[in-house]
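Using our numbering, the first residue of the sequence shown is number 36, and each one after it goes up by one.
A short write-up of the structure that comes next.
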Amino acid sequence: MKLRNNLLSLLAFLFVTPLAEGQMCPCKFGRDDSIKSLRYEIGINGLSYNEQLVNFNSNASYFQKSYLPGIKLKRHFNNFSARLGFDYTESKYQFETNEVMNWNKNNGSNYSKTLKLGIEKTVLHNYFQLFIAADLVLLNSNYSGITEGRGDIAPYYKYPYNFKLNAIGISPVLGFKYRPIERLSISIETSLSILYWQTKGNQALYRNESSTSLVLNPVGLLSLNYHLLR
């Protein structure tokens, strides 16, 4: 929770601090203003490490690591950039409760599709860039598996389940980009997502739910980017 609060404070400070005027467009390379602009950017997402909305009543947060989850497109203007991203992830999970009076084991898998649309502002311009962004987030996930267990007054049970989760929200982003050559750059982002979500189609022990959650994304995006189209 302390990490989330610190990150939220830093993002708020960057968003409300007046930004310098007359800085170089992020689509330009280096310090020479005579260099032509590369207005478009396409990025291949190499790694993400994100907190999951569903942890099946676990006491600890559940984080998912994904490799090559998706792509991101950017259109750079003079002061701001428009960004569009899509991620597709799959994972398997296992949760187990070893309480004497309440034992449960859950084995399952999920796949998720995430669409993000936002705006970005570069606040430090050079070969090394610092940027902030705000994304609208749309998330759709499917969960399926087997839950089994027993309790102090419940006999042994074993049930299959299958349900969907839909979420919508906003995500402030803090990012860093290193652009060693004109056409290529490497970027990393961290973010917080404020999401309203609901589940549908739950069976067995997991009832349908809806709530608002603050989700931490320590590595929301680690990508290799190509700059093109002057």
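Beta carbons are placed, not taken as given, at the ideal position from N, Cα and C, and that holds for glycine.
Quick caveat, the model's predicted, so the values are computed rather than measured.
Beta-carbon proximity check, residue i vs residue j, cutoff 9 Å
i, j, result
"F270", "N237", "Lying outside 36 to 265, the shown extent of the chain, residue 270 is not represented and no answer is given."
"Y213", "S226", "no"
"E183", "N243", "no"
"P253", "Y84", "yes"
"S144", "T124", "no"
"T132", "N90", "no"
Expected contact under 8 Å - CB spacing of residue i and residue j to nearest Å
i, j, result
"Y146", "N177", "6 Å"
"L88", "L200", "6 Å"
Residue burial classification, residue i (beta-carbon count within 10 angstroms, cutoff 16)
i, result
"L230", "buried"
"P190", "exposed"
"S248", "exposed"
"S116", "buried"
"F48", "For F48, the predicted structure reports a pLDDT of 48, less than 50, and the residue's modelled location is therefore unreliable. The matter cannot be settled from this model."
"P215", "exposed"
"D187", "exposed"
"L13", "It is not possible to answer for residue 13, since the shown part of the chain is limited to 36 through 265."
Of the listed residues the options, nearest to residue i (C-alpha basis)
i, options, result
"L103", "L73, N133 and G120", "G120"
"Y261", "V172, S72, P61 and I79", "I79"
"L257", "S220, T234 and Y241", "S220"
"N114", "Y194, I167, L174 and Q233", "I167"
"I77", "I205, F163, Y123 and R218", "R218"
"I154", "Y128, M136, S246 and R118", "R118"
"L251", "S245, T234, V208 and L259", "V208"
"T149", "G105, N139 and E134", "G105"
"S179", "Y241, I203, S245 and K109", "Y241"
Limits of the beta strand (DSSP E) - the one that residue i falls within
i, result
"A168", "F163 to G186"
"K63", "Neither: K63 is in no beta strand (DSSP E) and is coded neither H nor E."
"N80", "Y75 to E86"
CB contact check: residue i to chain B, cutoff 9 Å
i, result
"I205", "Among the protein chains of the structure shown there is no chain B, as only one such chain exists."
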